[in-house]
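The listed protein sequences correspond, in order, to chains A and B.
According to full-length UniProt numbering, the first sequence is numbered sequentially starting from 1.
According to full-length UniProt numbering, the second sequence is numbered sequentially starting from 1.
A virtual CB, placed ideally from N, CA and C, is assigned to each residue, including glycine.
Nothing here was measured: the structure is a model prediction, and the numbers come from that model.
To start, the structure under review is shown below, and the notes come after it.
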Amino acid sequence: MFSFLSKRFLQALLVLLGVSFATFIVGHLTGDPVELMARENATEQDKQDLRVYLGLDRPLEQQYFSFIVKAVQGDLGFSFVQQAKVSQLIAERLPATLQLAAAGFLLALAISIPLGIIIALNRGTIWDFLVTTLAMAGQAAPGFWIGLMLVVLFAVHLKVLPVSGYGGAAYIVLPAITLALQSSARLTRLVRASMLEVLSADYIRTAHSKGLRERVVLFVHAFRGAMIPVVTMAGLELAELVSGAFITETIFAWPGIGRLAVTAVSQRDFPVIQGVVLMSAAFFVLINFLVDVLYVVIDPRVKLK
Amino acid sequence: MIKGNWTRRLVLLAGLAMGVTALTPVYAQDAKPVVIASSEDIISLDPHMLDSNNPTGSAIWSIFDSLVRRDKDGQAQPRLATSWERVDDLTWRFHLREGVTFSNGEAFNAEAVKVNFARMDTAPFNSVQQLHDQTGLTAVNVVDDFTLDLVTAAPTVNMLYWLEEAFVAAPAYITDTAPDVVASAPIGSGPYKFVEWRRGDALVLTASDTYWGDAPAVKDIIFRAVPEMSSRLNELAAGTVDIVVGITPDAAAQANTDVSDVVQIEGLRKMHMGISIKGEQPALADPRVRQALNYAVDVPTIIDSLLGGSTKPLLSIVNPPNNNPDLTPYSYDPEKAKALMAEAGFADGFPLTIQWSTRFDGGKDVSEVVGSFLEAINIKPTYEAVEIGQFREALSSASLKGIYFQGWAALINPSVELVILTCGHVDNSSGYCNPDYDKLVIEASQTLDDAKRQELEYAAQAIIWNDAPWLYLWRLPNIFGISKTLSYEFRADNYLEPYLITYK
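Rendered as structure tokens:
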């Protein structure tokens, strides 16, 4: 267990270092940040002053090195454009992002797992056909369209929920449903397929032939086996949600990480871009690690090495 | 044990829900805050980082005062300065308002102005602030507590214009406080004071009880960022937002609902296809070719079909009321265009790259429609979307390929509008250079006699209109939605002044 953890930790460090390096290089390849930061008609002298003020006149390797040294100490830099600390900008957005990710994710699981199992058990019936078609439509429909339709129905016509914004519990309902519908479309199909595969596996036949009750076979034997690919997929979905669901955040004016990142990109706000990407990468690493641990819990054949 | 755990969690959840409900304030009907929804986030509340008119600019105009206020027609009005005069050609004298305090209790005086102007002239603020660069300001002299002299390197007619966007913050506060606090908890002397800012969501302001002027009719103002236009319109229709900024012409009618009205005004931003004179198409160096491009495109038809008739063709490169009245838009005359092309030796046309960025809505549509008109005079267009950062670099180095969709600039000031097209100017992205024009523009910007200056400006406008460094299009329309319970006169420059909103 200890060797597994230390190996994972080293891997995580390498991933984060690689990610930070890649964002740094890509960020500097796409053009002079000062061109976008300075006002449209700034003089060359003003722009040069700004380069010096931001340290952009230093050699690239020096800029990168000082970024890493500070990041290790928890200082992700200062956003010149917003006149704010990057760590604070991220910390301000994190609660909104985590709330929406958690609500969307739990809702997606609550929809897709029971639904996937039920249609797997009723394979070939009209229900199977209906749900599978619906899930396919859900996966194909763009998120923004689903979001806008929900707004028109619940906020504009029925007036039971707010159109957009961040605040009380009512505000999270529509964005969470928008996210959940897309995730659950993918997950439902995966649960169904995985369940069907497991149900035809040898160990399930063995369980049946031992004379175990149907319910025990299903929920103790089959369910655990079927959940392994679902956990992998769900982990990825969650990691994506945590790094910001930009389109959903945009439609519902939700002050999350996704909008912070996209605004920063359009303003060449490098410290913010680097901070957000690093944070997202850290969440991906963390969630992957949790998924690995979950494997052990679900599947006794898997051992941590 | 497990059960106990769940019960505890349920209690916690209920507590959270109650907490959330308690945080949502309850207002009496008439004291409801006015909610203004814009597409963009407020970027920073540091008054010297102001770089966009709305919503950042509108918030700063509400919290802070400048010496001079620009009214909606572009005229200078007293604000922190009560009056001003020219002492000599290089010196402006300002008499300052007495008895003004900032919302933290600091007193306003000439020294406060000096501190603020000095800050604007240092990095990073000097990459955003324009006062010093545009006016040639060299010295700020405190004559006495309420008299201030501003000295410039050369005579300037632009002092008042740039002072209107030079805001004065509490001097000790901006000097002694960490920059991130200055930018997130602003202290000014304006009609509203800062209450709370949830970045990316909402800025809450309330009427300042120490304001020197009349108390505003609306006590509480909330600036909200709602990036998606249909969401802004839905909020307006639901009555949860009172003013919507940034509606595209095709959606204008949707702002007319049971509870709201649409307001359309011609903006100030001059949309055009810049013509890159030093780009990859040498034919564009010939003024006859550039005139031909202008005659070849039916601008009124594009305005009707793409913009719902919401604006009008440009009359000059200077906005009304300062435009030269003798100039008229180029007519749609493909025959004349062909004749000019033939005269210049390009009867068979030439290939032309049309570029646009995401900076302005509809860049692709406009480019393609203009391109199809140009095909009629044998020009062979290719189309290219350019990433905004690269587009701006190409603009400031005058290195775009052929013609490009661009808008410039949301202001009413003939001198500033004309200087853009002088040789080598940083905004002269078409690379146009005409010494005769430059001479007129520079002379005008230093001519203090109004009638004489107007004559010079009219002459300069006539030159540029005929030399056609732009394919002239239209003024970018500004479309707003407003609740039927409010009345407000919107500005063409997109700044909002919430203290002028009244209840009907």
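Mind checking if residue i is an interface residue toward chain B, Cβ cutoff 9 Å exclusive?
i        : result
Pro175/A : no
Ala253/A : yes
Pro33/A  : yes
Phe78/A  : yes
Asp75/A  : no
Val156/A : yes
Leu5/A   : no
Arg8/A   : no
Met227/A : no
Ala115/A : One detail in the question is off: residue 115/A reads as Leu in this sequence, not Ala. No, no contact with chain B.
Ser243/A : no
Could you tell me the distance, in whole angstroms, from the CA atom of residue i to the CA atom of residue j?
i             : j        : result
Val143/B      : Tyr495/B : 33 Å
Ala451/B      : Ala444/B : 10 Å
Ser310/B      : Ser487/B : 21 Å
Ala237/B      : Val156/A : 7 Å
residue 356/A : Ala226/A : The displayed coordinates of chain A run from 1 to 305. Any statement about residue 356/A would go beyond what the structure contains.
Ala358/B      : Glu387/B : Looking at the sequence itself, residue 358/B is Thr, so the reference to Ala does not match. So the alpha carbons of these two residues sit roughly 7 Å apart.
Lys336/B      : Pro55/B  : 45 Å
Leu440/B      : Gln461/B : 10 Å
Ser38/B       : Phe223/B : 8 Å
Asn288/A      : Ala12/A  : 10 Å
Gln254/B      : Ser231/B : 12 Å
Asp361/B      : Phe117/B : 35 Å
Asn322/B      : Arg453/B : 11 Å
Verify whether the separation of the beta carbon atoms of residue i and residue j is less than 9 Å.
i        : j        : result
Arg8/A   : Gly256/A : no
Met136/A : Ala185/A : yes
Ser396/B : Val426/B : yes
Ala42/A  : Ser127/B : yes
Ile379/B : Glu368/B : no
Val68/B  : Leu163/B : yes
Gly389/B : Arg268/A : yes
Ala123/B : Asp57/A  : no
Val113/B : Val140/B : yes
Phe252/A : Val160/A : no
Trp474/B : Ile317/B : no
Leu187/A : Ser112/A : yes
Glu457/B : Leu500/B : no
Val289/B : Met229/B : no
Pro33/B  : Ile221/B : yes
Arg189/A : Thr132/A : yes
Are any of the Cβ atoms in chain A nearer than 9 Å to that of residue i?
i        : result
Met341/B : no
Thr240/B : yes
Asp298/B : no
Tyr495/B : no
Val426/B : yes
Asp348/B : no
Val128/B : yes
Ser83/B  : no
Asn234/B : yes
Asp41/B  : yes
Thr21/B  : Unreliable placement is indicated for Thr21/B, whose pLDDT of 40 sits below 50; no coordinate value is reported for it.
Met120/B : no
Apply the 10 Å Cβ neighbour rule to residue i and answer buried if 16 or more other Cβ atoms are within range, or exposed otherwise.
i             : result
Tyr295/B      : buried
Gln130/B      : buried
residue 311/A : What the structure shows of chain A is the stretch from 1 to 305, and residue 311/A is not part of that stretch, so it cannot be assessed.
residue 534/B : Since the first residue shown for chain B is 1 and the last is 504, residue 534/B is missing from the structure and cannot be characterised.
Lys210/A      : exposed
Ala178/B      : exposed
Gly116/A      : buried
Gln62/A       : exposed
Asn256/B      : exposed
Lys270/B      : buried
Ala207/A      : buried
Thr429/B      : A small fix is needed here, since residue 429/B is Ser in this sequence, not Thr. It is buried - the Cβ of Ser429/B has at least 16 other Cβ atoms within 10 Å.
Three-pair Cβ contact test at 8 Å for the stretch 260 to 273 of chain B versus the stretch 466 to 483 of chain B: The stretch 260 to 273 of chain B vs the stretch 466 to 483 of chain B: in contact.
message: Taking 8 Å as the cut-off, does the stretch 168 to 183 of chain A touch the stretch 98 to 108 of chain A (at least 3 CB pairs, one atom from each stretch)?
response: Output reads yes: the stretch 168 to 183 of chain A touches the stretch 98 to 108 of chain A.
field: Cβ contact (3+ pairs, closer than 8 Å) linking the stretch 138 to 156 of chain A and the stretch 238 to 250 of chain A
entry: As far as the Cβ criterion goes, the stretch 138 to 156 of chain A touches the stretch 238 to 250 of chain A, which means the pair count is three or higher.
message: Does the structure place the stretch 72 to 90 of chain A close enough to the stretch 40 to 56 of chain B that three or more beta carbon pairs sit under 8 Å?
response: As far as the Cβ criterion goes, the stretch 40 to 56 of chain B touches the stretch 72 to 90 of chain A, which means the pair count is three or higher.
task: Taking 8 Å as the threshold, find out whether the stretch 87 to 103 of chain B comes into contact with the stretch 142 to 160 of chain B through three or more Cβ pairs.
output: With the cut-off at 8 Å, the stretch 87 to 103 of chain B and the stretch 142 to 160 of chain B touch.
Validate contact between the stretch 72 to 79 of chain B and the stretch 288 to 299 of chain A using beta carbons, cut 8 Å, 3 pairs: Touching, no.
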